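Numbering (my numbering), first residue to last: 91 to 259.
Every residue gets a Cβ at the ideal spot worked out from N, C-alpha and C, and that includes glycine.
Just so you know, these numbers come straight off a predicted model, no measurement behind them.
Let me begin by presenting the structure, written as structure tokens, before commenting on it.
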Amino acid sequence: MNTTGTTPSRTVDTPQYGLAAFVAIVGIVVLVDGLGLDPGFADQPVQPYAFSYAIGSVLVVLGILLAVATWRGDVAQPEEGEDVDLSGGMDWPTLLQLVAVIVVVVALINWLGWAIMGAFLFAASARILGSRRLLLDIGVGVILSLVTWYGFYVGLGIPIPAGVLDGVL
91 MNTTGTTPSR TVDTPQYGLA AFVAIVGIVV LVDGLGLDPG FADQPVQPYA
141 FSYAIGSVLV VLGILLAVAT WRGDVAQPEE GEDVDLSGGM DWPTLLQLVA
191 VIVVVVALIN WLGWAIMGAF LFAASARILG SRRLLLDIGV GVILSLVTWY
241 GFYVGLGIPI PAGVLDGVL
């Protein structure tokens, strides 16, 4: 309770209100987009537009709740266990190495295919980020790239470049 007789001043938390508005606007867009969906088959228990209505409504409600919570002065608790030193600078060599790996993958994926370039991407990223077990990095990279290739290509029907391994995979 305020005993001084003055009203407490509220600071405007513009980023919080911006996030609340963004979430609500995305919800409205999802709702409006759901209006244009064609109805499914009559025997379907859940029509396609039901998901749009549900997700859009939840987003609008969450945006409103965030705005109300911000207006009331609720703020998130700062993380105490963060292990990143925010006073330090950016680790530019690591960032540039990761960018170089991504550029190489993008440049060679159509020729060598995802199985090879995915293994390279995963293994090289692990090495750059500090792993010191080369054989494990390569093994995990190969397994991840093959699982993702088969998951997308066979499981989801999304074509991913096979490259030089076309016909083998």
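- Apart from the five residues just before and just after Ile-248, which ones in its own chain have a Cβ nearer than 6 Å to its Cβ? Here residue 248 refers to the residue found at position 158 when the sequence shown is read from its first residue. Excluding residues within five positions, the ones whose Cβ falls inside 6 Å are Phe-242.
- Query: Using 8 Å as the threshold, is the stretch 194-211 in touch with the stretch 222-235, meaning 3 or more CB pairs across them?
  - Reply: yes
- Roughly how far, in whole angstroms, is the beta-carbon of Leu-155 from the beta-carbon of Val-120, given that I think they are within contact range, below 8 Å? As a working note, residue 155 is residue 65 in the sequence shown. As a working note, residue 120 is residue 30 in the sequence shown. Contact flag wrong, Cβ pair sits at about 17 Å.
- Message: Considering only their Cβ atoms, is the gap separating Ala-190 from Leu-255 smaller than 8 Å?
- Response: Translated into positions along the sequence shown, residue 255 becomes position 165. Translated into positions along the sequence shown, residue 190 becomes position 100. Their beta carbons are not under 8 Å apart, which means Leu-255 does not touch Ala-190 by this criterion.
- How many Å lie between Ala-197 and Gly-220 at the Cα? Residue mapping note: residue 197 aligns to position 107 of the sequence shown, counting from 1. Residue mapping note: residue 220 aligns to position 130 of the sequence shown, counting from 1. Their Cα atoms are separated by approximately 25 Å.
- Any idea what DSSP makes of Ile-248, helix, strand or coil? On the sequence shown, residue 248 is found 158 positions in, with the first residue counted as 1. Looking at Ile-248 - three-state DSSP - the assignment turns out to be coil, as it is neither helix nor strand.
- Query: What is the rounded straight-line gap between the Cα of Leu-186 and the Cα of Pro-135?
  - Reply: Counting from one through the sequence shown, the residue named residue 186 turns up at place 96. Counting from one through the sequence shown, the residue named residue 135 turns up at place 45. Going from the Cα of Leu-186 to the Cα of Pro-135 covers about 51 Å.
- Query: Buried or exposed: Thr-160, going by 16 or more other Cβ atoms within 10 Å of its Cβ?
  - Reply: Within the sequence shown, numbered from 1, the residue matching residue 160 stands at position 70. Counting Cβ neighbours within 10 Å, Thr-160 comes out buried, since at least 16 surround it.
- Do Ala-252 and Gly-178 have their C-beta atoms within less than 8 Å of each other? Against the sequence shown, residue 252 aligns to sequence position 162. Against the sequence shown, residue 178 aligns to sequence position 88. Not closer than 8 Å, so no.
- Message: Using a Cβ-Cβ cutoff of less than 8 Å, which residues in the same chain neighbour Ile-218 once the five nearest sequence positions on both sides are dropped?
- Response: For this step, residue 218 is matched to residue 128 along the sequence shown. Answer for Ile-218: Thr-184, Gln-187, Leu-188, Val-191, listed in chain order.
- Query: Secondary structure at Pro-105, three-state DSSP: helix, strand or coil?
  - Reply: For the purposes of this step, residue 105 is taken as the residue at position 15 of the sequence shown. It is helical.
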